[in-house]
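*Asks:* Handing you a structure now.
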Amino acid sequence: MSTSRTSSTIHSTSSPLGEGELDFPDIIAAIRESGYDSWLMVELDNYDGDPKAAAEISKKYLEQLL
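So that you can map any letter, position 34 of the sequence shown is 35 in the numbering used here, and since no number is skipped, the others follow by simple counting.
The following block contains the structure:
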């Protein structure tokens, strides 16, 4: 997710998992270390591309990590 600040407003743009700035391998490792064993949700608010394609990209990326 990238952000930009214009005066007092913050604009953010979502990206499919693996295409943004977050370190998902470390995030997944922390989730595993915590003992969490339930659902993971992916949200693509403010994504400008095709939502179905983004969901497929994110799903494939998560399948590789899990």
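Every residue, glycine too, gets a C-beta built ideally from N, C-alpha and C.
For Ile58, does the count of other Cβ atoms within 10 angstroms reach 16, so buried, or fall short, so exposed?
*Replies:* Classification of Ile58: buried, given that the 10 Å Cβ count is 16 or more.
*Asks:* Thinking just about the alpha-carbon of each residue, which of Glu64, Ser15 and Thr14 is nearest to the one in Leu41?
*Replies:* Ranking Glu64, Ser15 and Thr14 by Cα distance to Leu41 puts Glu64 first.
*Asks:* If you draw a straight line from the C-alpha of Gly50 to the C-alpha of Glu44, how long is it?
*Replies:* Spanning the two alpha carbons is a distance of roughly 13 Å.
*Asks:* For the alpha helix (DSSP H) that Leu63 lies in, which residues bound it at each end?
*Replies:* From DSSP, the alpha helix (DSSP H) with Leu63 extends over Pro52 to Leu66.
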